[in-house]
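As you go down the protein sequences, you meet chains A and B in turn.
When the first sequence is numbered by this note's numbering, its final residue is 207 and no position is left out of the sequence of numbers.
When the second sequence is numbered by this note's numbering, its final residue is 1207 and no position is left out of the sequence of numbers.
Just below is one structure, and these are the notes that go with it.
Number of protein chains: 2
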Amino acid sequence: MYSIREQNKIQKRKCILDAAVQLFTRNGYEQTSIEELARQAGIGKGTIYSYFQTKKDILRAFCEDELEYIRSELTAKTSADASLKEQLLVIYLAEFRYVSRNKEFGRLLLQEKIFPQEHHGMEDFNIQNQYFELLYPIYEQAQKRGELRDDMELLHISGHFYALYLLVLSCWFNGMIPTEEIEQSLSTLIDQTITGLQKRSPAPEKV
Amino acid sequence: MYSIREQNKIQKRKCILDAAVQLFTRNGYEQTSIEELARQAGIGKGTIYSYFQTKKDILRAFCEDELEYIRSELTAKTSADASLKEQLLVIYLAEFRYVSRNKEFGRLLLQEKIFPQEHHGMEDFNIQNQYFELLYPIYEQAQKRGELRDDMELLHISGHFYALYLLVLSCWFNGMIPTEEIEQSLSTLIDQTITGLQKRSPAPEKV
DNA sequence: TAAAAAAATCGACTGTGGTCAATTTTTTTT
DNA sequence: AAAAAAAATTGACCACAGTCGATTTTTTTA
Chain A
1 MYSIREQNKI QKRKCILDAA VQLFTRNGYE QTSIEELARQ AGIGKGTIYS
51 YFQTKKDILR AFCEDELEYI RSELTAKTSA DASLKEQLLV IYLAEFRYVS
101 RNKEFGRLLL QEKIFPQEHH GMEDFNIQNQ YFELLYPIYE QAQKRGELRD
151 DMELLHISGH FYALYLLVLS CWFNGMIPTE EIEQSLSTLI DQTITGLQKR
201 SPAPEKV
Chain B
1001 MYSIREQNKI QKRKCILDAA VQLFTRNGYE QTSIEELARQ AGIGKGTIYS
1051 YFQTKKDILR AFCEDELEYI RSELTAKTSA DASLKEQLLV IYLAEFRYVS
1101 RNKEFGRLLL QEKIFPQEHH GMEDFNIQNQ YFELLYPIYE QAQKRGELRD
1151 DMELLHISGH FYALYLLVLS CWFNGMIPTE EIEQSLSTLI DQTITGLQKR
1201 SPAPEKV
């Protein structure tokens, strides 16, 4: 049972986020002032800061919600019979599509997510872990089918693929990879990872 | 031959960076105002902005210089006989040590470097590429010794290892990996990359 | 060398993110 | 129901990043 107070809090938080979405998407993040945002949400400026610590947190909260939704949608859709590579591509490309839809948002979100401020702390840790766990079933399945080694920690495997995704994102933000080539790049890197960089057939001679 | 004007520009730029180093390291980046910085450098506030576009650019300029120096030192030192893994570890650990020495600087530097603003553009692209090329000899050498496949683009190989480094950095910033375990983590991931995540055929490989 | 042009310097000014003490609203106590 | 306590709200206020037109310094022209 929620008290009036708690009801209001929840509702007001939503008001702020709704106003943020509207203004951020219309005028951009930097171009939207907190005062404007407060006006649009129908509350005082100071009140915003009892719901969010910083301006970035507002953007982050919205993005996280959206991403969470996309992910839940996705796991339902991913076909379990597809190869590991295919499944990973579907997931990471969906994420990329989201992050790249608005470059400004994506950049700010990733900057905070990958190299966060001290004070956020534990939150991120959990979200990150949650996300990894989301992928675990896929890796486990791939292990069972013999697509992946089974003498490795899932966390390491998961991390490894995630690292590649990060790299591709970074290259895209730096203009080194155009949008059309993202899939190709990811695909190549996934292949590399699975196969390994080690020289194959002729047995390597020890020096 | 430098004109008086050009002489002054070079010197003044250095003044600003010197002042920045002093104040940033003493009081931190956030706690140092541009006015303070200008005073310390002995120039007007507005002048700073004809040398650097933003406050972050000042920090970045300093960090880049330092990093460039560390890298040049390093390539001279790295022993060419060591294994690929050993060489990579030396290089990436040196970088990590630098980035982690001051967490605040490191964070800001990486945020800008990995997910940069639009307007910086080409600069970063070149720096990134320069860095990759710095490592090329090491990979080529490893290919010749048969440690690495030689049917792969150096850029992809380079990128792949760089991705792992990024991941480890991110985990460190998120508090998922404590400083003492960085080497271990990197080491594991490098092994994984070289060997590949694929399940090896239980049947003995042809000798 | 004097005048004109170009470049560099400056600090008052602006807009904004974030704070905080005073005020209002809700809940608890008597 | 009234009083007291707790929580939420607010906008004036502050500090600071970044701008810009006025001023000074350097270079070029005549």
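For glycine and all other residues, C-beta sits at the position ideal for the given N, C-alpha and C.
Comparing C-alpha positions only, which one of the options sits nearest to residue i?
| i | options | result |
| --- | --- | --- |
| F1105/B | L1164/B, Y1069/B, F1161/B, Q1031/B | Q1031/B |
| S1170/B | P116/A, L67/A, T54/A | P116/A |
| D151/A | Y1131/B, T1078/B, Q1192/B | Q1192/B |
| A142/A | Q87/A, A20/A, R26/A | Q87/A |
| L154/A | S79/A, L164/A, A163/A, Y139/A | Y139/A |
| I70/A | V90/A, N129/A, D18/A, Q111/A | V90/A |
| R60/A | L17/A, A80/A, I34/A | L17/A |
| A1094/B | L1186/B, F1062/B, I1048/B | L1186/B |
| K45/A | R107/A, M176/A, K12/A, Y162/A | K12/A |
| I177/A | E118/A, K144/A, F96/A | F96/A |
| K1055/B | A1020/B, A1163/B, L1164/B | A1020/B |
| N1027/B | T1047/B, N1102/B, E1118/B, D1057/B | N1102/B |
| S1033/B | I1058/B, V1099/B, Y1051/B | I1058/B |
| N1174/B | Y92/A, E118/A, S50/A | E118/A |
| K144/A | D81/A, S100/A, Y162/A, Y51/A | D81/A |
| S79/A | S50/A, P137/A, N129/A, Y51/A | P137/A |
| S1100/B | C1063/B, S1050/B, H1160/B, F1161/B | C1063/B |
| Q1130/B | L1164/B, T1025/B, S1072/B, A1163/B | S1072/B |
Skipping 5 residues on each side, what residues in its chain have a beta carbon closer than 6 Å to that of residue i?
| i | result |
| --- | --- |
| M1/A | For M1/A, the pLDDT reaches just 49, beneath the cut-off of 50, and the residue's location in the model is therefore unreliable, although a value from the coordinates is still provided. Same-chain partners within the cutoff: there are none. |
| R5/A | none |
| V1207/B | Below a pLDDT of 50, predicted positions are generally treated as unreliable, and V1207/B, at 39, falls in that range; the measurement from the model is reported next regardless. So the list is empty, once near-sequence residues are dropped. |
Taking residue i and residue j to be in contact with their CB atoms under 8 Å, please state how far apart those CB atoms are, rounded to whole angstroms.
| i | j | result |
| --- | --- | --- |
| W172/A | I182/A | 6 Å |
| Q1040/B | Q1022/B | 7 Å |
| Q1053/B | Q111/A | Incorrect: roughly 18 Å between the Cβ atoms, too far for contact. |
| V168/A | L189/A | 7 Å |
| L108/A | Y29/A | 7 Å |
| L67/A | Y92/A | Rounded, the Cβ-Cβ distance is 13 Å, inconsistent with contact. |
So with CB distances below 8 Å, who are the chain A contacts of residue i?
| i | result |
| --- | --- |
| Y1162/B | L167 |
| N1102/B | In chain order: nothing, as chain A lies at least about 12 Å away. |
| S1170/B | I114, F115, L166 |
Please list, in chain order, all residues of the same chain as residue i whose beta carbon is under 8 Å from its beta carbon, the five residues on each side excluded.
| i | result |
| --- | --- |
| L1166/B | I1114 |
| P202/A | Model confidence at P202/A stands at a pLDDT of 46, short of 50, so the residue's coordinates are unreliable; what they give is reported in the following sentence. Cβ within range, chain order: n/a, list empty. |
| I1194/B | L1084, K1085, E1147, L1148 |
| P204/A | With a pLDDT of 40 at P204/A, under the threshold of 50, the modelled position of that residue is not reliable, and no figure is offered here. |
| D1065/B | L1017 |
| I48/A | I16, I34, L37, A38, A41, I58 |
| H1160/B | T1193 |
| L164/A | L186, L189, I190, T193 |
| Q1184/B | none |
| Y1162/B | F1132 |
| T1179/B | S1100, W1172 |
Note down, in chain order, each residue of its chain lying with its Cβ closer than 7 Å to the Cβ of residue i, except the 5 sequence neighbours on either side.
| i | result |
| --- | --- |
| G42/A | C15 |
| T1075/B | L1134 |
| F1132/B | L1155, S1158 |
| E1036/B | L1023 |
At a CB-CB cut-off below 8 Å, which residues of chain B make contact with residue i?
| i | result |
| --- | --- |
| D150/A | K1199 |
| F173/A | I1114, F1115, P1116 |
| L59/A | Within chain B, no residue comes near L59/A; the closest Cβ sits about 14 Å away, beyond 8 Å. |
| T75/A | What T75/A touches in chain B: nothing, since even the nearest Cβ is about 21 Å away. |
| E147/A | Q1198, K1199 |
| Q31/A | Correct list: empty, because the minimum Cβ distance to chain B is about 14 Å. |
Could you name the residues of chain A that residue i contacts, counting a contact when the two beta carbons are closer than 7 Å?
| i | result |
| --- | --- |
| R1026/B | Result: empty, since nearest Cβ-Cβ is about 19 Å, beyond 7 Å. |
| Q1111/B | Q111, F115 |
| I1016/B | Correct list: empty, because the minimum Cβ distance to chain A is about 25 Å. |
Would you mind telling me which residues of chain B sit closer than 9 Å to residue i, beta carbon to beta carbon, in chain order?
| i | result |
| --- | --- |
| I91/A | What I91/A touches in chain B: nothing, since even the nearest Cβ is about 17 Å away. |
| L189/A | H1156, G1159, H1160, A1163 |
| I194/A | G1196, L1197, Q1198 |
For residue i, go through chain A and note every residue whose CB falls closer than 9 Å to its CB, in chain order.
| i | result |
| --- | --- |
| G1044/B | Within chain A, no residue comes near G1044/B; the closest Cβ sits about 26 Å away, beyond 9 Å. |
| T1054/B | Under the 9 Å cutoff, chain A gives no residues; its nearest Cβ is about 12 Å from T1054/B. |
| Q1130/B | Within chain A, no residue comes near Q1130/B; the closest Cβ sits about 13 Å away, beyond 9 Å. |
Which chain B residues are close to residue i, counting only those with a beta carbon under 7 Å from its beta carbon?
| i | result |
| --- | --- |
| R107/A | F1115 |
| Q184/A | Within chain B, no residue comes near Q184/A; the closest Cβ sits about 11 Å away, beyond 7 Å. |
| I138/A | Residues of chain B passing the Cβ test: none, with the nearest at roughly 13 Å. |
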